[in-house]
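Trainee:
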Amino acid sequence: MTKSDDGKDVTLRIAQRPEADELLGRSPLAALVGMLLDQQVPMEWAFTGPYTLARRMGGDDLDARDIAAYDPDAFTALFTAKPALHRYPGSMAKRVQQLCQYLVTEYGGDASAVWADAGTGDELLERLNALPGFGAQKARIFLALLGKQFGVRPTGWREAAGPYGEAGSHRSVADITGPESLAEVRAYKQEAKAAGKKPAAPDTAPETAPGTAPGK
Numbered sequence: 001m002t003k004s005d006d007g008k009d010v011t012l013r014i015a016q017r018p019e020a021d022e023l024l025g026r027s028p029l030a031a032l033v034g035m036l037l038d039q040q041v042p043m044e045w046a047f048t049g050p051y052t053l054a055r056r057m058g059g060d061d062l063d064a065r066d067i068a069a070y071d072p073d074a075f076t077a078l079f080t081a082k083p084a085l086h087r088y089p090g091s092m093a094k095r096v097q098q099l100c101q102y103l104v105t106e107y108g109g110d111a112s113a114v115w116a117d118a119g120t121g122d123e124l125l126e127r128l129n130a131l132p133g134f135g136a137q138k139a140r141i142f143l144a145l146l147g148k149q150f151g152v153r154p155t156g157w158r159e160a161a162g163p164y165g166e167a168g169s170h171r172s173v174a175d176i177t178g179p180e181s182l183a184e185v186r187a188y189k190q191e192a193k194a195a196g197k198k199p200a201a202p203d204t205a206p207e208t209a210p211g212t213a214p215g216k
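By UniProt numbering, the letter at position 182 of the sequence shown is numbered 182, and the numbering carries on one by one without gaps.
1. With DSSP run on the structure shown, which of helix, strand or coil describes threonine 177?
2. Whole angstroms are fine: how far does the CA of proline 28 sit from the CA of histidine 195?
3. Please classify lysine 193 as buried or exposed, where buried requires at least 16 neighbouring CB atoms within 10 angstroms.
4. Taking the alpha carbon of histidine 51 as the reference point, which residue from Val33, Ala187, Ile176, Phe142 has its own alpha carbon closest?
5. Taking the DSSP output, what are the residues bridged to threonine 105?
6. Between the C-alpha atoms of arginine 31 and glycine 90, what's the straight-line distance to the nearest angstrom?
7. Comparing C-alpha positions only, which one of Tyr102, Gln40, Thr11, Glu19 sits nearest to arginine 55?
8. Whose C-beta lies closer than 6 Å to the C-beta of arginine 158 among residues of the same chain, with five residues either side of it excluded?
9. Going by CA-CA distance only, name the one from Tyr107, Lys82, Tyr70, Gly151 that's closest to glutamine 97.
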């Protein structure tokens, strides 16, 4: 586990798998990659992805420099190997590699530097919006996750996160702390979809054909 900005241990319950959640709690890059993968797949699948990827790369964590320099075809193969890491493994492999290349160029490969010195919620939102694969909605959800569960709370973070920053809400992955809240978030998404509203879902759909999904 890592320490949040307020000095507390970070314990997550998003992936619903202890080993995957442990990685999310101690690895800023894993958390970013999980958020990136949270698109057109169940939330637990998306946030288990960083753990599975780390194991397929032969380690217990993700390193932005290693991923950025990885042969693109070989990296895609890590995603497409059965069970696939995502419904759209080829597209998402490319996006994860682009994210890591950006982190190396802009932040020296340190994912936590994206938010470490952000002075305001608006500044942090701007930085998240600039990340490859992060649209406006995904950026707000991750900002809310940082504030609610990682203790990253620059001035005005709730306002910058919009409805996802509201206390007591169950709109997104930022609000998942266990099986019960996961069910509440999933119910919210289903209700929003039924009502014709846009739930806390992907900003854009991947452009490639679906890959092989793991068995249910």
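Virtual Cβ for every residue (Gly too), placed ideally from N, Cα, C.
Mentor: Judging by the given coordinates:
1. Residue numbering aside, residue 177 sits at position 177 when the sequence shown is read from its first letter. Coil, per DSSP.
2. Numbered from 1 along the sequence shown, position 195 holds the residue referred to as residue 195. Numbered from 1 along the sequence shown, position 28 holds the residue referred to as residue 28. For clarity, residue 195 is alanine in the given sequence; the question names histidine instead. The straight-line gap from Cα to Cα measures roughly 35 Å.
3. To locate residue 193, count along the sequence shown from 1; it is residue 193. By the 10 Å Cβ count, lysine 193 comes out exposed.
4. What you label residue 51 is simply residue 51 of the sequence shown in a count that begins at 1. Sequence check: residue 51 is tyrosine here, not histidine. Taking only the C-alpha atoms, the option nearest tyrosine 51 is Val33.
5. To locate residue 105, count along the sequence shown from 1; it is residue 105. Partner(s): none; threonine 105 has no beta bridge.
6. Your numbering for residue 31 matches position 31 in the sequence shown. Your numbering for residue 90 matches position 90 in the sequence shown. Contrary to the premise, residue 31 reads as alanine rather than arginine in this sequence. Within the model, the alpha-carbon separation for alanine 31 versus glycine 90 is close to 20 Å.
7. Taking the first residue of the sequence shown as 1, we reach residue 55 at position 55. Arginine 55 has its Cα closest to that of Glu19, out of Tyr102, Gln40, Thr11, Glu19.
8. The residue you call residue 158 lines up with position 158 of the sequence shown. Taken in chain order, the residues that qualify are Gly165.
9. For the purposes of this step, residue 97 is taken as the residue at position 97 of the sequence shown. Ranking the options by Cα distance to glutamine 97, first place goes to Tyr70.
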